[in-house]
Structures are given as C-alpha cells and as structure tokens.
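Protein chains in written order, with this note's numbering: chain A, 1 to 262; chain B, 263 to 575.
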C-alpha cells in the first residue's frame, strides 16, 4: 500500500505510531552523530580534514532536521522542540552514536560502521511505502554516498599504514564492536514497519548485509573480525550518561528561556 | 642581472600597479614581509575558530546550529587557503606547513588580539560574527588590491564569505536585540566586553616601520587609523539603531575634522597580550591547537605512509 502523504497515514493509528517511532530513530541518529562530529571543529588532525569533516557533520544535522520536520507534519512538536526538549529516555538514537568522541581512529571507525549501516537502511527506505520518506531517502542517500567514500578511504588507509595507526584502529574496532548491534534495534514496531512497507526490511537482514560488507573489508585488510554479537533488542533505549550530558550541553542556551526567540 | 637592477625593475612594476605572481622575481624583503603578514592572517583565522567553536554544540536552535557550524568551517577554510599561499611564498626560504603551524606554539607568529579574548555567552558568538567579522571585512577589503596576486585572489573569496558571516552574526544579534530583557542585557554585556578589543583590532595609529614598507610595496595601502575610522562610520550607527549603547562616553563624530573621536584603548596591555600570548584565553587555545596538531601527528604520518587506493563502496 502506497501512502502518498500525511492524510494517508494519519487515519491508521498503528501504522502512524510505527512510522513516528522510525522517524525518531532516523532523526535522533543523525542529530547525535552530527553533534559529535561537530565537536571536532577546529581540532581535526589536519586543516583540510577539518573543513571536509565539518561538511559531513552539517549534512547529518541537516538530515535530522528533515526527519524532525516529517514528524512535525505528523502532528508532533516543531523540529526545535523535538531536538532540544525531549528527555534522554525519549531519545531513539543507537547507543553507539552517543558515546563521547575518542581519538581520530575511534571517530573514523564509528562513522564507517554507521555509514555502512545507514546506507543499508536508506537503501530499504528508497522503496518505502511512505512517499515523503522515500523521496527524502533518495536524496539523502546521494549525499551519504560521499560520506561513505570519505570514511572508507580513511578506514583503509589508517589500517594499511600499520604501526600506531593500525593499533589505534584495531583498539577502536574492539571498543565499538559491542555497540554495533544497537544500530539494528528497529524498535517495538519493527514488524508493523515491515508489513506496512514503511521500512521493508528486517533487522536480521540488515545485520547480515552489514556484517558481509564490513567483515569483507576487514578481512581484505587482514584485521580480525570479532566473533561475538550481542542482542540488539534495547540498543535505542538503554542510553548512557554521555547522552544526558550531550543534551544538557546542547540545551544550555535554549533552556535559558525556551519560550524566547533565539 | 644584478640584484639592484632587479629590485629597481620590481619597484617599477609595483608603481605601475602590476601584480606579482608567486613565480615572479621578488626581493627577499617583500617575500618576508608578505610571508609574516599572511601567516599571521591565516593563523588568526584558525585560532579565530576557537572562540566561536565553544558555541557550536550549544547553538540554541537547529538553524543556528547549522549556521554556526558552517561559519566556523569557513574560518578554518580561510586559514587553509591562506596557509597555502604562505607555504608557496615560504618554500624558497625552506618554510613548510608544519612550521607555519608550530610557530603558533613557539610564539614565533602572532594572532589577532580578538581571538585571545573569552566568549562567555551566546551573545558573544553573535558579536564576534557581526562586529569582529565586520572589522575583518573592513581590513580585508582594503587589501583586495594588494600587489601580491595570489593573496588578492584568496582575499576575494574570503571577503565574499565574511559578508555572509556578518549577516549570520547580525541575525543572531537582531534576535537578541528584539528579544526579552535578559537577552538584550546579554547582548549589551557582550558589546561592552568586545568594544576595546575591536578598537585595538586595527592596530595603533602610528605607522610602524614594517607598515611603511608594506605600503611602499603596495601590499597594503590604508593606515590602521583609516580602517578604524571606516569601521566606526559603518558600525556605530548600526549599533545605536538597535538601541545598544557603545561603552565609550567620549565617542563622537567631530564634524570639523571629519573623524571619530574615541577613548584610546590600553595599547600597552593589548599589545603585550598579543606579543606574549597572555590574554585570558591565549594559553588555553594555543594548547588546543597544539593538541590537535602534535597529538595527532600519528594520523598525518600514517596518511603520508599509506598509499591512497580508493575503493568503491
């Protein structure tokens, strides 16, 4: 069933609830990773990368704005309220994305892991039954293509360089690996999302495709692929203090007077 | 051809208003003056990212967040463009990018006084965009006709982007000026904090020996005082039209001389701050840059060592 617009979905409460939950996952993922990426401004390993990486963080925050606006059209609050005012419990970003920034290796591994996941999720959304989301996914995936190229290059080169860089990359992989399944938590309405065609893919299918791609590259680079794989079921609900702190920082000015125009 | 003759020909080119390219012959004196000047300009852009960077994670709306991210990115981009020009100029003297950056830590290069100052509120982020970038536009626009062509080309782009920054800052300022009593107070406090630094920004009214030589070479053509007067003419009316008070009771336009009269900032204090990196935030920001550079030397080494084999995704 194709859902052309808001009217087509608003009359079906179950579908509406599932769609909103997915949009929160999409928006919160991009806001949080974009915010973390922006913390690198002025501090990247080289001036050229500072400029490049900032374009990526701006894209991520821009994508979050797109998803929050879709939520606002569906009757949720305006984008700023959704971004600034929701409590940490209400956030639906994967826990991997909220962790504090580590070194550059940690940042590259996290982005590469996330890009690889996001590409698969967007690919599925390109055939979403919810047309406004489908149209956005097509456009966003075009931009993400370049993020993917960028991080893929960094990932391979830092590992190939050997020495300290490779050690740091391997340490980052080991550290982040147990957080990866959090990306694949599609929330309590995953079945409805699939049945309705809003997100026509299962978590298991996404995990398999992701592991095939990531493990393939890692083997090519002679990096050991960790074998353990945790349960994904609460990866978007089990938040950490890092998220609370991030939201507190983000809202520092906003909450001086949330009714004011800034 | 002997160097005296070359020098004379060079000066004739300058006097005719010709532009000098990187590959043209130029006196060492010209090269060194330019290098020092452009390095300071580039480094100031990079160090200038820090006072606003502090507000990137705290920008109070999604639109402001995107705006300030992009603005600070531009500053880093300007730094990069200018360092490229400086690298090219410095190459015959054995000066590398590495040195252009590490000179910040060793105190061999300076950065503008404004970037040594604290920016404790969101209004400071607005004032920096509006007035510090406004001041930068005045001084950079005066360099657009500089005799060194690669610098002039880069400045053209920088000035165009700075005018967006000024609008970005002005937009933040307008929201605050039209906002609540507390927002207005926050803005007035920020203006009070920045005023002296803005007056100092253009440098002392006396023409220094190096400034005199730069004018001879037509690297720059306007004096510090001319630029400061231009800034005051442009911005004092705008500041007042927002109902803000310029924190200088002596400030007025003298009709008889056609010049602004203002209270002299503490030239000695600000001068020392820039020379010795002893401003309120100098050491903290230098430490950040040092960490970004030295702490991540492993990344640059690895990328140099590792061959680029881009593989499709």
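All C-beta atoms, glycine included, are put in the ideal place defined by N, C-alpha and C.
Top-ranked residue by Cα proximity to residue i, from the options
i: residue 394(B); options: 413(B), 471(B), 289(B) and 377(B); result: 377(B)
i: residue 205(A); options: 220(A), 183(A) and 196(A); result: 183(A)
i: residue 338(B); options: 326(B), 304(B), 566(B) and 559(B); result: 304(B)
i: residue 312(B); options: 299(B), 298(B), 566(B) and 331(B); result: 331(B)
i: residue 47(A); options: 370(B), 353(B) and 551(B); result: 551(B)
i: residue 146(A); options: 128(A), 53(A), 199(A) and 82(A); result: 53(A)
i: residue 363(B); options: 564(B), 553(B) and 566(B); result: 553(B)
i: residue 523(B); options: 488(B), 543(B) and 533(B); result: 488(B)
i: residue 496(B); options: 400(B), 519(B) and 559(B); result: 400(B)
i: residue 486(B); options: 307(B), 464(B), 503(B) and 477(B); result: 464(B)
i: residue 261(B); options: 452(B), 558(B) and 539(B); result: Residue 261(B) falls outside the range modelled here, since chain B spans only 263 to 575, and no answer is possible.
i: residue 210(B); options: 382(B), 383(B), 416(B) and 421(B); result: With chain B running from 263 to 575 in the structure shown, residue 210(B) is simply not present.
i: residue 236(B); options: 315(B), 479(B), 530(B) and 265(B); result: Because residue 236(B) is not part of the residues shown, which for chain B are 263 to 575, the question remains open.
i: residue 102(A); options: 18(A), 91(A), 40(A) and 19(A); result: 40(A)
i: residue 215(A); options: 207(A), 246(A) and 225(A); result: 225(A)
i: residue 419(B); options: 462(B), 479(B) and 342(B); result: 342(B)
i: residue 460(B); options: 372(B), 346(B), 559(B) and 498(B); result: 498(B)
i: residue 354(B); options: 277(B), 545(B), 271(B) and 297(B); result: 297(B)
i: residue 525(B); options: 518(B), 511(B), 359(B) and 532(B); result: 511(B)
i: residue 253(A); options: 477(B), 387(B), 478(B) and 336(B); result: 387(B)
i: residue 428(B); options: 537(B), 538(B) and 334(B); result: 334(B)
i: residue 35(A); options: 118(A), 255(A), 242(A) and 256(A); result: 242(A)
i: residue 187(A); options: 49(A), 93(A) and 111(A); result: 93(A)
i: residue 347(B); options: 293(B), 520(B) and 494(B); result: 293(B)
i: residue 456(B); options: 268(B), 391(B), 411(B) and 273(B); result: 391(B)
Beta strand (DSSP E) segment containing residue i, residue limits
i: residue 522(B); result: 521-523
i: residue 510(B); result: Counting along the chain, residue 510(B) falls outside any beta strand (DSSP E), and DSSP gives it neither H nor E.
Residue i burial status per 10 Å Cβ neighbour count (16 or more: buried)
i: residue 408(B); result: buried
i: residue 1(A); result: exposed
i: residue 547(B); result: buried
i: residue 575(B); result: Because the pLDDT at residue 575(B) is just 42, under 50, the model does not fix this residue reliably, and the value given afterwards should be weighed accordingly. The residue in question, residue 575(B), is buried, as its Cβ has 16 or more Cβ neighbours within 10 Å.
i: residue 445(B); result: buried
i: residue 327(B); result: buried
i: residue 60(A); result: buried
i: residue 443(B); result: exposed
i: residue 7(A); result: exposed
i: residue 5(A); result: exposed
i: residue 566(B); result: exposed
i: residue 246(A); result: buried
i: residue 109(A); result: buried
i: residue 181(A); result: buried
Residue range of the alpha helix (DSSP H) that includes residue i
i: residue 374(B); result: Segment: none, residue 374(B) is in no alpha helix (DSSP H) and carries neither H nor E.
i: residue 6(A); result: 6-10
i: residue 454(B); result: 443-463
i: residue 308(B); result: 290-309
i: residue 412(B); result: 411-439
i: residue 380(B); result: Run containing residue 380(B): none; DSSP gives neither H nor E here.
i: residue 591(B); result: Since the first and last residues shown for chain B are 263 and 575, residue 591(B) lies out of range.
i: residue 138(A); result: 131-160
i: residue 364(B); result: 359-368
i: residue 499(B); result: 486-503
i: residue 30(A); result: 13-38
i: residue 121(A); result: 104-125
i: residue 210(A); result: 203-220
i: residue 272(B); result: 265-277
i: residue 172(A); result: 163-177
i: residue 320(B); result: Taken as a continuous stretch (DSSP letters only), residue 320(B) belongs to no alpha helix (DSSP H), as it is neither H nor E.
i: residue 62(A); result: 47-73
Sheet register partners of residue i (DSSP bridge)
i: residue 84(A); result: Paired residue(s): none; residue 84(A) is not in a bridge.
i: residue 515(B); result: 522(B)
i: residue 3(A); result: 130(A)
i: residue 282(B); result: 410(B)
inquiry  = What are the residues in the segment 447-471 of chain B lying within 9 Å of chain A by C-beta distance?
reply    = 448
ask   = Just by C-beta distance, which residues in the segment 548-573 of chain B are closer than 9 Å to chain A?
value = 550, 551, 553, 554, 555, 557, 558, 559, 560, 561, 562, 563, 564, 565, 566, 567, 568, 569, 570, 571, 572 and 573
task = Quick one: which residues of the segment 224-249 of chain A get their C-beta closer than 7 Å to a C-beta of chain B? List them in chain order.
result = 249
ask   = Mind listing which residues of the segment 29-49 of chain A have their C-beta closer than 8 Å to chain B's C-betas, in chain order?
value = 35, 38, 39, 41, 42, 43, 44, 45, 46, 47 and 48
inquiry  = Along the segment 432-444 of chain B, where does the CB come closer than 7 Å to a CB of chain A? Name the residues.
reply    = 437, 441, 442 and 444
Where the segment 87-118 of chain A meets chain B: residues whose CB sits under 7 Å from a CB there = 104
task = Can you give me, in chain order, the residues of the segment 327-353 of chain B that have a beta carbon less than 8 Å from any beta carbon in chain A?
result = 327, 328, 331, 332, 334, 335, 338, 339, 341, 342 and 345
ask   = Which of the residues in the segment 315-327 of chain B, read from start to end, lie with their CB under 9 Å from any CB of chain A?
value = 315, 317, 318, 319, 320, 321, 322, 323, 324, 325, 326 and 327
message = Give me the subset of the segment 69-83 of chain A whose CB atoms are less than 7 Å from a CB atom of chain B, sorted by chain position.
response = 79, 80 and 83
message = Tell me which residues of the segment 290-312 of chain B have at least one Cβ-Cβ distance to chain A shorter than 8 Å, keeping chain order.
response = 308, 311 and 312
request  = Residues of the segment 370-396 of chain B with a CB closer than 7 Å to any CB of chain A: list them in chain order, please.
outcome  = 384
message = Short of 8 Å Cβ to Cβ, which residues in the segment 130-164 of chain A face chain B?
response = 145, 148, 149, 152, 153, 156, 157, 158, 160, 161, 162, 163 and 164
query = Mind listing which residues of the segment 53-68 of chain A have their C-beta closer than 8 Å to chain B's C-betas, in chain order?
reply = 54, 55, 57, 58, 61, 62, 64, 65 and 68
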